[in-house]
Amino acid sequence: MLDTSVCVAAQRDHEPERALLRSTACLAINPIVAAELHLGVALSSSPALNRRRLAALLGSPRLRVLPIVGETGRYYALIKSQLQRKGRPLPDNDVWIAASAMEHGLALLTYDRHFDHIDGLLLADELLL
């Protein structure tokens, strides 16, 4: 599953992310990532250009938007409580992204190091090295 940070890099034409999008048969995001990307477009200084880039990304036959389902909430609560006990809070959207990846049994591809603090979350950031 792709985190927003990787999608933004791909939209900015960073080659490692573009190559990943071209070479991987199936990638996924969730509605939270899609919402963050839409917000970025709405706040950008070049909304028309960024809207086209986002449409191309979301329209890719290789990208699936996986649903947030009831079971995702259980993972959210598990992660949120774990992080609060550790004294390492994360933004709610990132907790939802991690919960969705765990619920769907997917590794999360991200540049955000704070995901390292989530026990049981499989990270796939080495794909971008």
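In this note's numbering, the protein residues as written are 470 to 598.
C-beta atoms are modelled at their ideal positions from N, C-alpha and C, and glycine is treated no differently.
(request) Measuring alpha carbon to alpha carbon, tell me which of I537, G574, V564 ends up nearest D585. (result) The residue with the shortest Cα to Cα distance from D585 is V564.
(request) Find the nearest neighbour of R582 within the set L575, A593, S529, H573, judged by alpha-carbon distance. (result) Ranked by Cα distance from R582, the first of L575, A593, S529, H573 is A593.
(message) Can you find the residues in the same chain that come closer than 7 Å, C-beta to C-beta, to Q553, ignoring five residues on each side of it along the sequence?
(response) Excluding sequence neighbours, Q553 sits near nothing in its chain.
(request) Measure the CB-CB distance between L577 and A568 and report whether it falls below 8 Å. (result) No. Outside cutoff.
(message) Quick check on this structure: which residue in A524, A570, R531 has the alpha carbon closest to the alpha carbon of Y544?
(response) The shortest Cα separation from Y544 among A524, A570, R531 belongs to A570.
(message) My parser needs the beta strand (DSSP E) runs of 3 or more residues fully inside the segment 483-538; what are they?
(response) You should have 496-498, 532-534.
(request) Please state if the CB of L496 and the CB of L471 are separated by a distance shorter than 8 Å. (result) L471 is a Cβ neighbour of L496, given a cutoff of 8 Å.
(message) Is it the case that the segment 504-523 contacts the segment 546-560, given that we only count it when at least three CB pairs across the two stretches are under 8 Å?
(response) The answer is no - the segment 504-523 does not touch the segment 546-560, with fewer than three Cβ pairs under 8 Å.
(request) Would you mind sorting A488 into buried or exposed? The rule is 16 or more other CB atoms within 10 Å of its CB. (result) Counting every other CB atom within 10 Å of its CB across the protein chains shown gives A488 a total below 16, marking it as exposed.
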